[in-house]
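Novice: The structure under discussion is supplied below as structure tokens; questions concerning it will follow.
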Amino acid sequence: IIKNHEGIIDVESALGQGSSFYIYLPATETEAVETHRSPVGTILPGSETIMVIDDEEYILASLQAMLESLGYSVMNANGGRAAVELYEAQGDAIDLVLLDMIMPDMSGREVFNRIKTVRPDAKVILASGYSLNSQAEDVLNRGGSGFIQKPVDLVHLSQMIREVLDRS
């Protein structure tokens, strides 16, 4: 996370005395924007098939549980390469993809490109623990269906999925 924000970590450690970690992040001229995300709203269920792509097992498990509680069938892919293989094999059965943007083996942008090569009309919601960045904006401009900030709440996730799936 620090590296992705162009920061550095400095560590001082002495045997028997402990360690100190110093985190340095670059200053910004951008004014802070206060946002309040409230899970107030209606949970919207569904029955389609959603493919979740992430490199973190606990995120895959969490999203799968959330989506299944909404009524969706879920296919998980642990990382970009596994996602591309699964999508090439079963893309016609997948109604929507929830795609993590930052993965070690293949970037979200690369996975998006491969998915769109297999099926140009694929619906792909981008997900990231970071705010909307240039990579995500590029993907949205080239046909991404939406962006959701992690961690996600059930109400917001259900509403975004329905909005994307119900578009003509």
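Read left to right, the sequence shown gives residues 524 to 691 (the working numbering).
We put the beta carbon where it would ideally sit given N, CA and C, even for glycine.
Within the stretch 589–637, note down every full beta strand (DSSP E) run reaching 3 residues or more, in order along the chain.
Specialist: As far as the stretch 589–637 is concerned, its whole beta strand (DSSP E) runs of at least 3 residues are 596–601, 619–623.
Novice: Helix or strand or just coil, what does DSSP make of Glu529?
Specialist: Counting from one through the sequence shown, the residue named residue 529 turns up at place 6. Note: Glu529 maps to coil in three-state DSSP.
Novice: In the DSSP assignment, the beta strand (DSSP E) including Ser543 goes from what residue to what residue?
Specialist: Along the sequence shown, one-based indexing puts residue 543 at 20. 541–547 is the extent of the beta strand (DSSP E) around Ser543.
Novice: Assuming contact is defined by CB atoms lying nearer than 8 Å, are Leu494 and Phe670 in contact in what I supplied?
Specialist: Shown here, the chain extends from 524 to 691; a query on residue 494 therefore has no answer.
Novice: How would you write the range of the beta strand (DSSP E) that Ile684 sits in, first residue to last?
Specialist: Within the sequence shown, residue 684 is the residue found at index 161, counting from 1. Taken as a continuous stretch (DSSP letters only), Ile684 belongs to no beta strand (DSSP E), being part of the alpha helix (DSSP H) at 677–689.
Novice: Spatial neighbours of Asp628 within its chain, please: C-beta separation below 6 Å, excluding the five flanking residues on both sides.
Specialist: In the sequence shown, residue 628 corresponds to position 105, counting from 1. Result list for Asp628: Gly602, Gly603, Arg604, in chain order.
Novice: Does the separation of the CB atoms of Tyr595 and Gly569 fall below 8 Å?
Specialist: Taking the sequence shown and counting its residues from 1, one reaches residue 595 at position 72. Taking the sequence shown and counting its residues from 1, one reaches residue 569 at position 46. Yes, Cβ-Cβ distance for Tyr595 and Gly569 is below 8 Å.
Novice: Could you have a look at Asp578 and say whether DSSP puts it in helix, strand or coil?
Specialist: Taking the first residue of the sequence shown as 1, we reach residue 578 at position 55. Correct three-state label for Asp578: coil.
Novice: Counting pairs of beta carbons, one from the stretch 585–594 and one from the stretch 624–640, are three or more of them closer than 8 Å?
Specialist: The answer is no - the stretch 624–640 does not touch the stretch 585–594, with fewer than three Cβ pairs under 8 Å.
Novice: Looking only at C-alpha atoms, which of Pro674, Asp661, Lys646 sits nearest to Arg685?
Specialist: Within the sequence shown, residue 685 is the residue found at index 162, counting from 1. For the residues Pro674, Asp661, Lys646, the minimum Cα distance to Arg685 belongs to Lys646.
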